[in-house]
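**Student:** For the sequence shown, the working numbering assigns the number -8 to the initial residue and increments by one for each residue that follows.
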Amino acid sequence: MKNVYMRNVFKSARLLLKDKFIGSMLGTFVGDALGMPVEGYSMEAIKDQFGEIREMLETRAGKGTYTDDTEMMIGTAESLIECRGFNGEHMAKCFLENYHENRGYGGGTKKALSLIRDGELWHKAGEKVVSGGSYGNGSAMRMAPIGILYFKDEENLRKVAHQASLITHAHTLGKDAAAIQAFAVAKAIQGNPNSALKKEAFIDALINFAETSELKTRLESIKLIMNHNVSREKIVSILGHSSVSFESVPASIYSFLKYPDSFEEAVVYAISLGGDTDTIGAMTGAISGAFLGIEEIPERWLNQLENTGKAKAYVNNLAEKLWEIGNY
Ligand code: R7I
Ligand code: MG
Ligand code: MG
């Protein structure tokens, strides 16, 4: 029996839930920080230069620093906590207050936030980024707090995920991918880490939940291949690994399902796919951390996360507050 099963067997359901909330939020942070140094690299370049990314790499900003993915997840959580639920104007304000140019924001998000800064309404800016709105993964990447706060309430989870996405990503695909990522976190929270994940039921729930054919089709592909030995090259050709939401969200869900009982293996695998590595790492970490809980995130990674201001201890605290306001 795996250690995690033994450890969690002795925990009350309530405390295990708290571990899972923290696991999802710090899981996002760890995946983001681990994948950030190779964001944009091809799968081959990562393999040639590093073999595998199993340790935090030194970067100009230092080891274990986070990017826009975590910074926007922090704003999402802050706003949900302060408003005891979703408030679009307030969430947009949190994004603006936290914004740091050097955290590597995507073009669409930068544009939406600058429109809001210049006075545009929070629910109008996202539509003006590109015609039809962006379907980048910049809204899906920040969904952990929504997935955990609404984990028992599918209808509100979808509504809030769509509205929170709209602030920067108004395209139907961007909103659907964000909701699916939040729902994957919710399903992982509901799962019992003391026994093996029911993979078929997990992916079936996501397929049912998806509203667009682009995402449904990719989730169905995951179901077909998840129990077979398929090469990384093939996975990238089927699902994609770019910063487009309907590629990187499925790639993250697949990475979790490939290694449901190991946070480390799931996130290392996610990053090995190349492409949008910080974001695929972050979204895989959010789902895996929600299933396994904080104790299964390697300590050597947690110890290297930046821990000043709004960083490691702060994120831990936000997860605890979400657990408190959920009143579990
Ligand atoms: O989604 P976004 O905020 O970017 C997030 C990424 C993550 O990897 C972060 O780690 C950070 O590095 O940035 O930024 P967007 O510009 O909205 O979307 C990302 C990409 O999706 C764009 O560069 C486009 O390649 C693609 N994209 C689109 N392409 C064509 N048509 C998004 N929307 C469209 C579209 O409508
Ligand atoms: Mg990033
Ligand atoms: Mg990225």
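By construction, the Cβ of each residue, glycine as well, lies at the ideal position given by its N, Cα and C atoms.
#1: Tell me the residue span of the alpha helix (DSSP H) that contains F237.
#2: Is any heavy atom in ligand 2 found nearer than 7 Å to the beta carbon of T270?
#3: Against chain D, with Cβ distances strictly below 8 Å, would K115 count as a contact?
#4: Going along the chain, which residues of its own chain have a beta-carbon closer than 7 Å to the beta-carbon of S233, five neighbours each way excluded?
#5: Quick check: H160 and G117, are their CB atoms within less than 8 Å of each other?
#6: Who pairs with G127 in a beta bridge, going by DSSP?
#7: Starting from E255, trace the alpha helix (DSSP H) both ways and give me its first and last residue.
#8: Report all residues from its chain with a CB closer than 6 Å to the CB of G26; omit the five preceding and five following residues, and keep chain order.
#9: Could you tell me the alpha carbon to alpha carbon distance between A36 and S228, rounded to whole angstroms?
#10: One question on the structure: do T329 and I137 come within less than 8 Å of each other, judged by their Cβ atoms?
#11: Could you check whether the region 4 to 16 touches the region 273 to 281, counting it as contact only if at least three pairs of C-beta atoms, one from each stretch, sit closer than 8 Å?
#12: Would DSSP call M(-8) helix, strand or coil?
#13: Classify I316: buried if its beta carbon has 16 or more other beta carbons within 10 angstroms, exposed otherwise.
#14: Cβ of S105 within 7 Å of any heavy atom in ligand 5?
#15: How would you write the range of the alpha helix (DSSP H) that H114 sits in, first residue to last?
#16: Going along the chain, which residues of its own chain have a beta-carbon closer than 6 Å to the beta-carbon of A277, five neighbours each way excluded?
#17: By Cβ distance below 7 Å, which residues in the same chain neighbour Y107 in space, the five residues on each side in sequence not counted?
#18: How would you label A131, buried or exposed, when you count the other beta carbons within 10 angstroms and need 16 or more for buried?
#19: Can you tell me whether G95 is helix, strand or coil according to DSSP?
#20: Considering Cα atoms alone, identify which of N147, V21, L8 is closest to P289.
#21: I'd like the list of long-range same chain contacts for K207, defined as Cβ closer than 8 Å, with 5 residues on each side in sequence excluded.
#22: Below 7 Å CB to CB, which residues in the same chain sit around Y319 once its five sequence neighbours on both sides are set aside?
#23: Using a threshold of 7 Å, is the CB atom of H91 nearer than that to any non-hydrogen atom of ligand 1?
#24: Tell me whether the beta-carbon of S236 lies closer than 8 Å to the beta-carbon of G127.
#25: Nearer than 7 Å: is that true of the beta carbon of G95 relative to any heavy atom of ligand 2?
#26: Among the residues of its own chain, which have a CB less than 8 Å from the CB of K190, if the five just before and after it don't count?
#27: Beta-carbon within less than 7 Å of I285's beta-carbon, same chain only, minus the 5 sequence neighbours each way: which residues are those?
#28: On the three-state DSSP scale, how would you describe N307?
**Tutor:** The relevant details are as follows:
#1: Start at 1 with the first residue of the sequence shown, and residue 237 comes out as number 246. From DSSP, the alpha helix (DSSP H) with F237 extends over 236 to 249.
#2: One-based indexing of the sequence shown puts residue 270 at position 279. Correct: T270 has its Cβ closer than 7 Å to ligand 2.
#3: No chain D is part of this structure, which consists of one protein chain only.
#4: Against the sequence shown, residue 233 aligns to sequence position 242. Its chain contains S239, G266, D267 as the residues whose beta carbon lies nearer than 7 Å to that of S233, once the 5 sequence neighbours on both sides are disregarded; these appear in chain order.
#5: Mapped onto the sequence shown, residue 160 falls at position 169. Mapped onto the sequence shown, residue 117 falls at position 126. In this structure, H160 lies near G117, with their beta-carbon atoms less than 8 Å apart.
#6: Taking the sequence shown and counting its residues from 1, one reaches residue 127 at position 136. DSSP lists V235 as partners of G127.
#7: The sequence position of residue 255 within the sequence shown is 264, counting from 1. Where E255 is concerned, the enclosing alpha helix (DSSP H) stretches over 254 to 263.
#8: Here residue 26 refers to the residue found at position 35 when the sequence shown is read from its first residue. Cβ-Cβ distances below 6 Å link G26 to I262, T268, D269, G272 in the same chain, with the five nearest sequence neighbours on each side left out; the list follows chain order.
#9: Within the sequence shown, residue 36 is the residue found at index 45, counting from 1. Within the sequence shown, residue 228 is the residue found at index 237, counting from 1. Taking the straight line joining both Cα atoms gives about 17 Å.
#10: There is no way to answer for residue 329, as the model of the chain reaches only from -8 to 319.
#11: A contact exists between the region 4 to 16 and the region 273 to 281.
#12: Your numbering for residue -8 matches position 1 in the sequence shown. Below a pLDDT of 50, predicted positions are generally treated as unreliable, and M(-8), at 40, falls in that range; no measurement from the model is reported.
#13: Translated into positions along the sequence shown, residue 316 becomes position 325. The Cβ neighbour count for I316, taken over all protein chains shown within 10 Å, is under 16; the residue is labelled exposed.
#14: Looking for ligand 5 in the displayed structure turns up nothing; the ligands present are ligand 1, ligand 2 and ligand 3.
#15: Position 123 of the sequence shown, counting from 1, holds the residue named residue 114. In this chain, H114 is not harboured by any alpha helix (DSSP H), its DSSP state being neither H nor E.
#16: Along the sequence shown, read from residue 1 onward, the residue named residue 277 stands at position 286. Closer than 6 Å at the Cβ level, and outside the excluded window around A277, lie S15, G18, T19, A135, V176.
#17: Locating residue 107 in the sequence shown gives position 116, counting from the first residue. According to the sequence displayed, residue 107 carries Ile and not Tyr. Cβ neighbours of I107 beyond the five flanking positions: A83, L87, W113, A116.
#18: In the sequence shown, the residue the question calls residue 131 occupies position 140. Around the beta carbon of A131, 16 or more other beta carbons sit within 10 angstroms, so the residue counts as buried.
#19: Here the question's residue 95 lines up with position 104 in the sequence shown. Coil.
#20: Stepping through the sequence shown from its first residue, residue 289 is reached at position 298. Comparing Cα-Cα distances from P289 to each of N147, V21, L8, the minimum goes to V21.
#21: Locating residue 207 in the sequence shown gives position 216, counting from the first residue. Answer for K207: I198, A201, listed in chain order.
#22: Looking up residue 319 in the sequence shown gives position 328. By the criterion of a C-beta distance shorter than 7 Å, Y319 is surrounded in its chain by R5, L8, once the five residues flanking it on both sides are discounted.
#23: Looking up residue 91 in the sequence shown gives position 100. No - ligand 1 has no heavy atom lying nearer than 7 Å to the Cβ of H91.
#24: Here residue 236 is taken as the residue at index 245 of the sequence shown, counted from 1. Here residue 127 is taken as the residue at index 136 of the sequence shown, counted from 1. With a cutoff of 8 Å on beta-carbon distance, S236 and G127 are scored as near each other.
#25: Here the question's residue 95 lines up with position 104 in the sequence shown. The closest heavy atom of ligand 2 lies less than 7 Å from the beta carbon of G95.
#26: For the purposes of this step, residue 190 is identified with residue 199 of the sequence shown, where counting begins at 1. Excluding five sequence positions before and after K190, the CB atoms of its chain that fall closer than 8 Å to its own CB belong to M217, N218, L248, P251, given in chain order.
#27: Reading the sequence shown from its first residue, position 294 is the one you call residue 285. Around I285: D10, I13, G14, L17.
#28: Working through the sequence shown from its first residue, we reach residue 307 at position 316. Of the three classes helix, strand and coil, the one that applies to N307 here is helix, per DSSP.
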